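Engineer:
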Amino acid sequence: MRGLWRILETVLAIAAIIAAWELYTRFYDVPDFLLPSPVSVWNALVEAAKGPLFGHLFYTVSILTLGYAVGVLLGGMSGLLLAKSARIERWLSGPILFLQTAPKIALAPLFVIWFGLGITSKLILIVSLVFFPVLIATLVGIRSVDRRLHDLAQVLHLSPWQRFRRIEFPAALPEMFIGLRVGAVQAVVGAILAEWMAGKQGLGYLMTFATATYKTPLLFAAVIVTALLGIVVYQIIELLERRLLSWRNQP
Amino acid sequence: MITIRGVHKEFSINGASVTALSPTDLDVSRGEFVSIIGPSGCGKSTLLRILAGLEKASGGAIAIEDGSSSRQRVGFVFQEPVLLPWLSALENVRFPLDTAGVSRAEADNRALQLLKLVGLSGFEAALPRALSGGMRQRVSIARALSYDPSLLLMDEPFGALDLITRDRLNDELLSIWAQTKKTILFVTHSVEEAAYLSDRVVVMTPRPGRIKSIYNVSLPRPRGESTKLDPAFHQLMAELRRDLI
């Protein structure tokens with residue numbers, strides 16, 4: 001009952017915002033190319049859904065998933081390597097800090113020049129955005145594993161693999177999820193930006209196309225779909241987290 | 001069972017060498033319950049950790065003659081329970097067996113028996129966070145017993161518990177010891193605990209740690225409430241206290 005009421009509240013709030021927006025555009029007679037009314041955004045969305053919208057969405061989801069997976073894999077493995085070897089960390093912590101704070105989005109045009117207009121430069125941009133948060137979270141996670149758990153592993157003569165699989169990985173997972181969440185948000189931004197820069201596919205491209213042809217309602221529709229995609233991605237990560245870390249919430 | 005000859009441990013802090021444990025000799029025979037008592041920093045935990053292979057001795061020799069042919073693992077009970085928070089009580093007890101490749105059915109069976117032995121029947125599915133401090137330490141003891149080591153090393157296992165729980169666990173430990181016939185080396189800083197539990201009490205001096213004296217405890221077994229009224233028990237505690245100063 002209470003949950004139902006909360007959903008109702010959210011729906012009401014969104015409805016109120018849309019109503020205010022609609023009234024504003026009507027009352028002041030705002031032209032569509034400046035601020036389209038919710039109705040014309042809806043119409044543009046319906047029209048796009050009949051046409052190329054799902055193709056673009058599918059493309060974005062594809063490069064997003066692929067880039068995210070590669071970024072998580074590389075970031076996780078690098079984080080583990082750094083956590084395990086103090087020497088490698090001494091060598092690489094400086095460059096990593098530099099690369100992590102460097103605004104990769106500013107380098108995005110360079111990626112296109114370096115790696116071409118194809119999918120490679122897009123994936124590299126996404127991977128570079130996902131890589132660092134996952135790396136740092138994995139490093140911190142593995143490093144902060146309780147010393148006493150290492151003692152336990154030693155007493156039980158666990159092999160390095162068992163130590164990782166049975167103790168370090170599950171113990172580091174809560175920390176790692178922080179990186180996975182940040183990385184997921186970054187991946188969506190990266191995917192849109194990459195499509196914005198080059199190519200003829202994806203939601204990012206749809207936005208540039210809409211802007212260039214003054215189809216502002218279509219632009220709004222693409223923005224809304226992108227935001228919804230971001231929410232879905234975030235929800236998937238959260239669902240995964242609740243599943244894998246259920247032991248933290250159980251009574 | 002255990003023969004310790006001239007084992008010592010030094011480590012350096014900022015270049016200065018610090019002695020954690022002076023050369024130590026000690027023999028423990030099979031089935032014996034020996035307590036090591038001393039002030040903090042006397043190296044009693046260091047000695048235990050060296051025996052468990054958690055630290056390397058700077059020198060000396062240790063021989064642990066183990067009757068069992070299974071992988072030579074000693075049982076170790078830490079001061080804190082050190083349970084894996086994502087595993088249930090049963091899975092925690094089973095953990096050493098799972099990692100040693102024991103079959104699921106056999107491991108489950110053994111873990112169930114051990115949880116019963118430590119009085120935790122009905123809590124098999126509980127996660128550590130749902131258990132009290134005393135219950136967690138019981139799980140930890142069951143885990144240490146799961147792979148049936150002939151030697152059990154206990155490093156102030158009840159030090160973090162309240163006195164009532166501690167008294168109860170002391171009695172339970174004695175009954176477990178009587179049933180399983182383990183050799184137990186028990187580090188504590190409680191004079192009462194040492195006197196109540198042990199066959200022998202080893203008293204160590206503060207930094208640099210070395211063995212000061214060894215007491216034979218001739219209080220009759222099984223021990224219980226009557227032991228605590230025995231004048232000989234209080235006599236022993238008084239002697240131990242005097243020795244520790």
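Chains C and E supply the protein sequences, listed in that same order.
Per full-length UniProt numbering, the very first residue in the first sequence carries number 1; after that it's consecutive.
Per full-length UniProt numbering, the very first residue in the second sequence carries number 1; after that it's consecutive.
Every residue, glycine too, gets a C-beta built ideally from N, C-alpha and C.
Since the structure is predicted, the reported quantities are computational estimates derived from the model, not experimental observations.
For H56 of chain C, count neighbouring Cβ atoms within 10 angstroms of its own Cβ and tell me buried if that reaches 16, exposed if not.
Structural biologist: Taking the first residue of the first sequence as 1, we reach residue 56 of chain C at position 56. Buried.
Engineer: Below 8 Å, how does it come out for the region 100–115 of chain C and the region 220–233 of chain C: are there three or more Cβ pairs, yes or no?
Structural biologist: With the cut-off at 8 Å, the region 100–115 of chain C and the region 220–233 of chain C do not touch.
Engineer: Which two residues bound the contiguous alpha helix (DSSP H) that contains I192 of chain C?
Structural biologist: Start at 1 with the first residue of the first sequence, and residue 192 of chain C comes out as number 192. Where I192 of chain C is concerned, the enclosing alpha helix (DSSP H) stretches over 169–197.
Engineer: Quick one: does D32 of chain C have its CB under 8 Å from some CB of chain E?
Structural biologist: Taking the first sequence and counting its residues from 1, one reaches residue 32 of chain C at position 32. No, D32 of chain C lies away from the interface with chain E (no Cβ there is under 8 Å from its Cβ).
Engineer: Just verifying my parser: in three-state terms, what is the DSSP assignment at S69 of chain E?
Structural biologist: Reading the second sequence from its first residue, position 69 is the one you call residue 69 of chain E. Confidence in S69 of chain E is poor, its pLDDT being 44 and thus under 50, which makes the residue's placement too unreliable to answer from.
Engineer: Less than 8 Å between the C-beta atoms of L90 of chain E and L115 of chain E, yes or no?
Structural biologist: In the second sequence, counting from the first residue as 1, residue 90 of chain E sits at position 90. In the second sequence, counting from the first residue as 1, residue 115 of chain E sits at position 115. In this structure, L115 of chain E lies closer than 8 Å to L90 of chain E by Cβ.
Engineer: Which parts of the region 86–120 of chain C are runs of the alpha helix (DSSP H), unbroken and 4 residues or longer, counting only runs that do not cross its ends?
Structural biologist: Listed in chain order, they are 86–101, 104–115.
Engineer: With distance defined between alpha-carbon atoms, name the residue in E:H189, E:A100, E:D230, E:L169 nearest to S146 of chain E.
Structural biologist: The residue given as residue 146 of chain E occupies position 146 in the second sequence. That would be E:A100, whose Cα lies nearest to the Cα of S146 of chain E.
Engineer: Quick check: is any heavy atom of the ligand SAM less than 7 Å from the C-beta of W86 of chain E?
Structural biologist: Within the structure as shown, the ligand SAM is missing, as the structure has no ligands at all.
Engineer: For a cutoff of 8 Å on Cβ pairs, would you count P85 of chain E as touching chain C?
Structural biologist: As a first step, residue 85 of chain E is located in the second sequence; it is residue number 85 there, counting from the start. Yes, because at least one Cβ of chain C sits closer than 8 Å to the Cβ of P85 of chain E.
Engineer: What residues in the region 144–161 of chain C bring their beta carbon closer than 7 Å to a beta carbon of chain E?
Structural biologist: For the region 144–161 of chain C, which is checked against every Cβ of chain E, the residues closer than 7 Å are R148, L149, D151, L152, Q154, V155, L156, H157, L158.
Engineer: Buried or exposed, going by whether 16 or more other CB atoms sit within 10 Å of the CB of G59 of chain E?
Structural biologist: To locate residue 59 of chain E, count along the second sequence from 1; it is residue 59. Counting Cβ neighbours within 10 Å, G59 of chain E comes out exposed, since fewer than 16 surround it.
Engineer: Just tell me which of C:A191, C:L156, C:L240 has its CA closest to the CA of A227 of chain C.
Structural biologist: On the first sequence, position 227 is the one that residue 227 of chain C refers to. Ranking the options by Cα distance to A227 of chain C, first place goes to C:A191.
Engineer: Could you tell me the alpha carbon to alpha carbon distance between S29 of chain E and E192 of chain E, rounded to whole angstroms?
Structural biologist: Locating residue 29 of chain E in the second sequence gives position 29, counting from the first residue. Locating residue 192 of chain E in the second sequence gives position 192, counting from the first residue. Each residue's alpha carbon lies about 23 Å from the other.
Engineer: What does V18 of chain E pair with, by DSSP beta-bridge criteria?
Structural biologist: Stepping through the second sequence from its first residue, residue 18 of chain E is reached at position 18. DSSP lists E:F11 as partners of V18 of chain E.
Engineer: Determine the chain E residues that contact R166 of chain C at a beta-carbon separation under 7 Å, and present them in chain order.
Structural biologist: Against the first sequence, residue 166 of chain C aligns to sequence position 166. Chain E residues near R166 of chain C: T99.
Engineer: Does the Cβ of M207 of chain C have 16 or more other Cβ atoms within 10 Å, making it buried, or fewer, making it exposed?
Structural biologist: Numbered from its first residue, the first sequence carries residue 207 of chain C at position 207. Buried is the call here.
Engineer: Could you check where the beta strand (DSSP E) with Y215 of chain E kicks off and where it finishes?
Structural biologist: Working through the second sequence from its first residue, we reach residue 215 of chain E at position 215. Unbroken beta strand (DSSP E) run through Y215 of chain E: 211–216.
Engineer: Across the region 198–212 of chain E and the region 18–35 of chain E, are there enough close Cβ pairs to call them in contact, namely three or more that are closer than 8 Å?
Structural biologist: Segments in contact, yes.
Engineer: Should W5 of chain C be labelled buried (16 or more other beta-carbon atoms within 10 Å of its own) or exposed?
Structural biologist: As a first step, residue 5 of chain C is located in the first sequence; it is residue number 5 there, counting from the start. Per the 10 Å Cβ criterion, exposed.
Engineer: Cα separation between N14 of chain E and M135 of chain E?
Structural biologist: Here residue 14 of chain E refers to the residue found at position 14 when the second sequence is read from its first residue. Here residue 135 of chain E refers to the residue found at position 135 when the second sequence is read from its first residue. Roughly 41 Å separates the two Cα atoms.
Engineer: Considering just the uninterrupted stretch of the alpha helix (DSSP H) at M77 of chain C, what are its terminal residues?
Structural biologist: Residue numbering aside, residue 77 of chain C sits at position 77 when the first sequence is read from its first letter. Unbroken alpha helix (DSSP H) run through M77 of chain C: 53–84.
Engineer: For my contact list, V93 of chain E and A142 of chain E are in at a C-beta cut-off of 8 Å; report their separation, rounded to the angstrom.
Structural biologist: Taking the first residue of the second sequence as position 1, residue 93 of chain E is located at position 93. Taking the first residue of the second sequence as position 1, residue 142 of chain E is located at position 142. With a Cβ gap of about 5 Å, V93 of chain E and A142 of chain E count as contacting.
Engineer: At least one CB of chain E closer than 8 Å to the CB of W196 of chain C: is that the case?
Structural biologist: As a working mapping, residue 196 of chain C is identified with position 196 in the first sequence. Judged by the 8 Å Cβ criterion, W196 of chain C is not in contact with chain E.
Engineer: Mind checking whether T46 of chain E and R210 of chain E have CB atoms under 8 Å apart?
Structural biologist: Numbered from 1 along the second sequence, position 46 holds the residue referred to as residue 46 of chain E. Numbered from 1 along the second sequence, position 210 holds the residue referred to as residue 210 of chain E. Cβ atoms of T46 of chain E and R210 of chain E: not closer than 8 Å.
Engineer: Using 10 angstroms around the beta-carbon of D230 of chain E, count the other beta-carbons present and answer buried if the total reaches 16, otherwise exposed.
Structural biologist: Your numbering for residue 230 of chain E matches position 230 in the second sequence. Exposed: under 16 other Cβ atoms inside 10 Å.
Engineer: Grab the span of the alpha helix (DSSP H) containing A57 of chain E for me, first residue to last.
Structural biologist: For this step, residue 57 of chain E is matched to residue 57 along the second sequence. First-last for A57 of chain E: undefined, no H or E at that position.
Engineer: Out of curiosity, what's the CA-to-CA distance linking L66 of chain C and A184 of chain C?
Structural biologist: Translated into positions along the first sequence, residue 66 of chain C becomes position 66. Translated into positions along the first sequence, residue 184 of chain C becomes position 184. Near 12 Å, if we compare the C-alpha coordinates of A184 of chain C and L66 of chain C.
Engineer: Less than 8 Å separating the beta-carbons of T138 of chain C and G199 of chain C?
Structural biologist: Indexing the first sequence from 1 puts residue 138 of chain C at position 138. Indexing the first sequence from 1 puts residue 199 of chain C at position 199. Going by C-beta atoms, T138 of chain C is not nearer than 8 Å to G199 of chain C.
Engineer: Alpha carbon to alpha carbon, how far is L64 of chain C from S69 of chain E? Give it in angstroms, no decimals.
Structural biologist: To locate residue 69 of chain E, count along the second sequence from 1; it is residue 69. To locate residue 64 of chain C, count along the first sequence from 1; it is residue 64. Residue placement at S69 of chain E is flagged as unreliable, the pLDDT there being 44, under the threshold of 50; the coordinate-derived value follows with that caveat. If I take the Cα positions, the gap works out to 54 Å.
Engineer: Where does P23 of chain E sit, in a helix, a strand or coil, going by DSSP?
Structural biologist: The residue given as residue 23 of chain E occupies position 23 in the second sequence. P23 of chain E: strand per DSSP, three-state reduction.
Engineer: Cβ of A52 of chain E within 8 Å of Cβ of V155 of chain C?
Structural biologist: Residue numbering aside, residue 52 of chain E sits at position 52 when the second sequence is read from its first letter. Residue numbering aside, residue 155 of chain C sits at position 155 when the first sequence is read from its first letter. Contact: yes.
Engineer: In the DSSP assignment, what residue or residues form a beta bridge with L153 of chain E?
Structural biologist: The residue given as residue 153 of chain E occupies position 153 in the second sequence. Per DSSP, E:F76, E:L185.
Engineer: Does DSSP put F33 of chain C in a helix, a strand or coil?
Structural biologist: The residue given as residue 33 of chain C occupies position 33 in the first sequence. Here F33 of chain C sits in coil by DSSP.
Engineer: Please name the residue or residues paired with I4 of chain E in a DSSP beta bridge.
Structural biologist: Here residue 4 of chain E corresponds to residue number 4 of the second sequence, with the count starting at 1. Partner(s): E:L26, E:I62.
Engineer: Could you spell out the range, first to last residue, of the alpha helix (DSSP H) harbouring S35 of chain E?
Structural biologist: Counted from its first residue, the second sequence places residue 35 of chain E at position 35. Per DSSP, S35 of chain E belongs to no alpha helix (DSSP H); it is in the beta strand (DSSP E), 33–37.
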